[in-house]
Amino acid sequence: MTDTLQTSLPQGKMPQLRVMPMPADANVHGDVFGGWIMAQVDIAGSLPAVRRANGRVATVAVNSFVFKQPVFVGDLLSLYADIVKVGNTSITVNVEVYAERNRLQVEIVKVTEATLTYVATDENRQRRPIPPLVEE
Ligand SMILES: CC(C)(COP(=O)(O)OP(=O)(O)OC[C@H]1O[C@@H](n2cnc3c(N)ncnc32)[C@H](O)[C@@H]1OP(=O)(O)O)[C@@H](O)C(=O)NCCC(=O)NCCS
């Protein structure tokens, strides 16, 4: 919990998503609703999974999800997603979310970390094998 304050975003990586929560995304206390963050994480994690599966995927499990710090309306969120495991039909992705709270003073906080598993599916929504990795 104490290692969340940083001065820069992860180096050498591109975020899958950058998004800013609006007042409509807040809970009754005015902070951003956890369910909204979970939706963004699910979208970000699905992007490398879809590329690796070369087609549609479905989220089968949220293996872990930690809200390390609150997210505030107006934070600029960067969501990074890395594949950590490829199975027969499943792909497991680690997602990290960083918030730029005050963009003029550059306060960057790691707010969320999650691991999700996606299953490659066919046109009938049934699982299908992950295709072999094609070297570029
Ligand atoms: C995704 C779906 C087609 C998978 O079908 P299934 O018959 O349950 O598939 P299986 O039990 O054989 O599991 C498929 C893969 O997912 C993995 N998996 C299943 N449950 C898991 C869990 N709780 N945690 C991690 N991995 C899991 C299995 O290990 C397997 O991986 P592998 O093939 O790489 O070894 C089916 O579960 C489904 O349609 N779920 C709903 C998906 C959805 O609508 N998601 C959106 C949110 S509502």
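Residue numbers (full-length UniProt numbering): 1 to 136. Just so it is clear, CB atoms sit at the ideal spot from N, CA and C, and this is done for glycine as well. Quick caveat: nothing in here was measured; it's all calculated off a predicted structure.
Closest by C-alpha distance to residue i, when choosing among the options
{"i": "residue 133", "options": "74, 51 and 109", "result": "51"}
{"i": "residue 46", "options": "76, 100 and 91", "result": "91"}
Three-way DSSP call (helix, strand, coil) for residue i in this model
{"i": "residue 1", "result": "For residue 1, the pLDDT reaches just 47, beneath the cut-off of 50, and the residue's location in the model is therefore unreliable, although a value from the coordinates is still provided. In this structure, residue 1 counts as coil in the three-state DSSP scheme."}
{"i": "residue 68", "result": "coil"}
{"i": "residue 46", "result": "helix"}
{"i": "residue 127", "result": "strand"}
{"i": "residue 31", "result": "strand"}
{"i": "residue 119", "result": "strand"}
{"i": "residue 82", "result": "strand"}
Residue i classed as buried or exposed, judged by whether at least 16 other C-beta atoms fall within 10 angstroms
{"i": "residue 35", "result": "exposed"}
{"i": "residue 39", "result": "exposed"}
{"i": "residue 75", "result": "buried"}
Beta-carbon proximity check, residue i vs residue j, cutoff 8 Å
{"i": "residue 79", "j": "residue 62", "result": "no"}
{"i": "residue 56", "j": "residue 89", "result": "no"}
{"i": "residue 73", "j": "residue 44", "result": "no"}
{"i": "residue 53", "j": "residue 99", "result": "no"}
{"i": "residue 64", "j": "residue 115", "result": "yes"}
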